[in-house]
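>
In full-length UniProt numbering, the protein residues as written are 1 to 491.
1. Quick check on residue 277: does DSSP put it in helix, strand or coil?
2. For residue 430, which three-state DSSP category applies?
3. Going by C-alpha distance, which of 207, 393, 119, 165 is nearest residue 303?
4. Hey, would you say residue 148 sits closer than 9 Å to residue 51, going by beta carbons?
5. Which parts of the region 15-64 are runs of the alpha helix (DSSP H), unbroken and 4 residues or longer, counting only runs that do not cross its ends?
6. Do the region 98-105 and the region 429-446 touch if we need at least three Cβ pairs shorter than 8 Å?
7. When the Cα of residue 247 is compared with those of 450, 159, 4, 458, which residue comes out closest?
8. Pick helix, strand or coil for residue 461, following the three-state DSSP scheme.
9. So the beta strand (DSSP E) residue 269 belongs to, where does it begin and stop?
10. Using the Cα positions of residue 268 and residue 391, report the straight-line distance between them to the nearest angstrom.
11. Quick one: using the 10 Å Cβ neighbour count with 16 as the cut-off for buried, is residue 209 buried or exposed?
12. If you draw a straight line from the alpha carbon of residue 199 to that of residue 472, how long is it in whole angstroms?
13. Just to confirm before moving on: does the CB-CB distance between residue 244 and residue 444 stay below 9 Å?
14. Between which two residues does the beta strand (DSSP E) harbouring residue 134 extend?
15. Quick one, which of 23, 14, 20, 413 has its alpha-carbon nearest residue 222's?
16. Write down the C-beta distance between residue 293 and residue 459 rounded to the nearest angstrom, noting that I regard them as a contact closer than 8 Å.
17. Residue 422 bridges to which residues according to DSSP?
18. Checking 9 Å against the spacing of the C-beta atoms, do residue 448 and residue 281 come in under that value?
19. Out of 63, 23, 118, which has the shortest C-alpha to C-alpha gap to residue 56?
20. Helix, strand or coil: which one does DSSP assign to residue 121?
21. Quick check on residue 384: does DSSP put it in helix, strand or coil?
22. Buried or exposed: where does residue 317 fall if 16 or more other Cβ atoms within 10 Å of its Cβ makes it buried?
23. Between residue 237 and residue 461, how many whole angstroms is the CB-CB distance? I'm expecting something under 8 Å.
24. Output yes or no for whether 9 Å exceeds the beta carbon distance between residue 359 and residue 382.
25. Would you check if the distance between the CB atom of residue 98 and the CB atom of residue 116 is smaller than 9 Å?
26. When you compare only the Cα positions, how much space is there between residue 170 and residue 14?
27. Can you tell which of 240, 16, 402 has its C-alpha closest to the C-alpha of residue 181?
28. Alpha carbons only, please: which of 426, 45, 49, 130 is nearest the one belonging to residue 157?
29. In whole angstroms, what is the alpha-carbon distance linking residue 211 and residue 239?
30. So, is residue 479 buried or exposed, given that buried needs 16 or more other C-beta atoms within 10 angstroms?
31. Kindly give me the distance between the Cβ atoms of residue 364 and residue 312, rounded to whole angstroms, as I take these residues to be in contact under 8 Å.
32. Of the choices 183, 425, 454, whose alpha-carbon is the least far from that of residue 140?
33. To the nearest angstrom, report how far apart residue 152 and residue 6 are at their CA atoms.
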């Protein structure tokens, strides 16, 4: 049996994450940045790395036709999946790999930073658990890569480590090389962790409407259909979505362009669960404010569902009024309450009886362009439940379906004309010490072969107004587009 070793080296100097990514992982075919790019808030760690070297490993899954696996690098082990066989799904393979690679975490490294695999579950992966979709994504429904070499940042403590996964008989040469590279980077006075502030009224607003999969009249009709189903008692809340798809200037340097676009996104719309994934010719640029599931080293699971959104005001008085109106909105509170109940039910399937609690309900959190109502649901996992199993039990995120989950997804399947793909899924990492931290894939752009897609939507409840729901969907779609499409004249 292979004896795995996790080696780490703490750095003495402050690290600029953008500079470090370019220097260490800019040329990598499979690279990632799990980016707590927002000062304060519930997320304190960032991880930047690549899947490379002799212990690289990739797990890919797709429901339906098998995806074309990437061309392996020397030493890569690419697992292209099982074409939707639920007996050996990507969840099962992830659990096996994590068990095989379980390590003793160095005492100086927080257990949450012993990353095992980084990647995403796409929305259509729900088919593995009795919820088949009529739509098939052209992208893998799951893509996970081993975190073999990475830079870990603890923003709260102001500490940084280089980390490498290897075996007892392999040298730690990458740690030496990476430390030398970082030491040679020029000093910078620019912070790479911006604070959210009031929107800049001089920034032009992008118009997603010409690029939507379903135009206004179709979307309004779909909202009215959802209201009919709610009145009939077929659902309590329906999370209807739409998709923006537009050209992205793809060139042989698309990877570089996509990363630069992500850097603009994180500066203009910092978020606690932001992320950049480069998966060969697929790029995921996320500014997610929502935690799907965190599992800590003590076995506690936490979800932070968001329901209830309001645009920020252009000046302090209007902004404060928008915040107070959202906090007092009975509609927003009803949306949030129904999803909290759904998340409690999902976690109840894998947690110890009586351990589920709601430490925070409908708290207002403010981001660069919106205020949101956020609740926190916690529970202690049973001793026989792994982080992967917990994620599977809660997937897809209830805030992206509605309630009840299965019957509401059937309503959505008849209205939404294309797969959601990575949008509405979960993104993050599963750790080698049994931990996990996954976001809900919202406020996210996906770039693939010269096309950029953004998903957006909202929760339909009995007192929803179709025109208001249309406006909310456009507002959410504009969040990533504002950073990616509008020229960065203010930088």
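Just so it is clear, CB atoms sit at the ideal spot from N, CA and C, and this is done for glycine as well.
Computed from a predicted model, the values in this text were never measured in an experiment.
The short version:
1. strand
2. Strand at residue 430.
3. 393
4. yes
5. 17-25
6. The answer is yes - the region 429-446 touches the region 98-105, with three or more Cβ pairs under 8 Å.
7. 450
8. Residue state for residue 461 is assigned as coil, using DSSP reduced to three classes.
9. Note, residue 269: premise wrong, no beta strand (DSSP E); not H, not E.
10. Their Cα atoms are separated by approximately 30 Å.
11. exposed
12. Note that residue 199 scores 49 on pLDDT, short of 50, meaning its location in the model is unreliable and no value can be drawn from it.
13. no
14. First-last for residue 134: undefined, no H or E at that position.
15. 413
16. Not confirmed; about 20 Å, so no contact.
17. Looking at the DSSP assignment, residue 422 forms no beta bridge with any residue, so it has no partner.
18. The Cβ atoms of residue 448 and residue 281 lie closer than 9 Å to each other.
19. Cα-wise, what sits closest to residue 56 is 118.
20. strand
21. coil
22. It counts as exposed.
23. 5 Å
24. no
25. Result yes, Cβ atoms of residue 98 and residue 116 sit closer than 9 Å.
26. Each residue's alpha carbon lies about 29 Å from the other.
27. 16
28. 45
29. 21 Å
30. buried
31. Actually they are not in contact, since the Cβ atoms of residue 364 and residue 312 sit about 11 Å apart, beyond 8 Å.
32. 425
33. 13 Å
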